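Its first residue numbered 2, the sequence shown is counted upward by one per residue in the numbering used here.
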Amino acid sequence: MLTGIVASDVERKVTAAGVSVSQFQLAVKRGYKGGDGKVETDFFPVVCFRQTAEYAGEYVGKGALVTVCGSFQNREWDSQNGKRKVTECIADGLTLLKSSEKRGDGNVAQAPATAQVPATSQQSHDPNPFADW
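Structure (structure tokens):
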């Protein structure tokens with residue numbers, strides 16, 4: 002489970018087989034301060050499929066606070082610059098905790114009271130680790 006701020010626009014696609022896919026970067030603060038007294042932030046690519054992808058594409062935007070429940074996966078491919086490798090979080094569930102992006106019509110997208118994806122709970126040592134974001 003990861004809780005963080007969506008750090009990029011959500012990219013939506015549909016595969017040739019008709020499967021919805023959404024991708025975004027998630028900024029996650031570490032639960033401790035480094036030697037310089039600052040809390041570092043890690044950025045993780047998140048990939049959602051099917052209903053989770055549709056939910057992310059409809060309601061999640063850059064700047065939103067979300068909890069992602071899923072697993073990490075390594076992927077490799079050949080490119081013109083040689084072998085490429087990425088570690089991605091494959092989301093099984095996604096909970097929108099706080100929306101901050103306006104849609105094209107200027108209105109804030111309101112997520113339904115009951116999400117279409119499995120709900121998760123936030124676990125953290127700090128009761129509100131994102132208060133200063």
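Even for Gly, the Cβ is constructed at its ideal location relative to N, Cα and C. Note that the coordinates shown come from a computational prediction; the quantities given were computed from them, not determined experimentally.
Within its chain, find whatever has a CB closer than 6 angstroms to the CB of ALA120; leave out the 5 residues flanking it on each side and keep chain order.
Taking the first residue of the sequence shown as position 1, residue 120 is located at position 119. Residue placement at ALA120 cannot be trusted, given a pLDDT of 42 that sits under 50; what the coordinates show is reported in the next sentence. Within the same chain, ALA120 has close Cβ partners THR96.
In the DSSP assignment, the alpha helix (DSSP H) including GLN81 goes from what residue to what residue?
Position 80 of the sequence shown, counting from 1, holds the residue named residue 81. Neither: GLN81 is in no alpha helix (DSSP H) and is coded neither H nor E.
Can you grab the Cα-Cα spacing for the pair VAL1 / GLY83, in whole Å?
Coverage of the chain is limited to positions 2 through 134, which leaves residue 1 absent and any answer about it impossible.
For VAL135, tell me which candidate among LYS63, GLY62, GLN52 has the shortest Cα-Cα distance.
Residue 135 lies beyond the stretch modelled for the chain, which goes from 2 to 134, so this question has no answer here.
Are ASP43 and GLY71 touching if we call contact CB-CB under 7 angstroms?
Walking along the sequence shown from the start, residue 43 turns up at place 42. Walking along the sequence shown from the start, residue 71 turns up at place 70. Not closer than 7 angstroms, so no.
By alpha-carbon positions, which one of GLU55, GLU41, GLN26, TYR56 ends up nearest to VAL87?
The residue you call residue 87 lines up with position 86 of the sequence shown. Considering only alpha carbons, the answer is GLN26.
Give me the residue from ALA18, TYR60, ALA17, VAL29 with the minimum Cα distance to THR1.
Residue 1 cannot be examined here, being either before or after the span of the chain that is shown, 2 to 134.
Indicate the three-state DSSP secondary structure (helix, strand or coil) for THR53 in the structure shown.
Looking up residue 53 in the sequence shown gives position 52. DSSP places THR53 in helix when its eight states are reduced to three.
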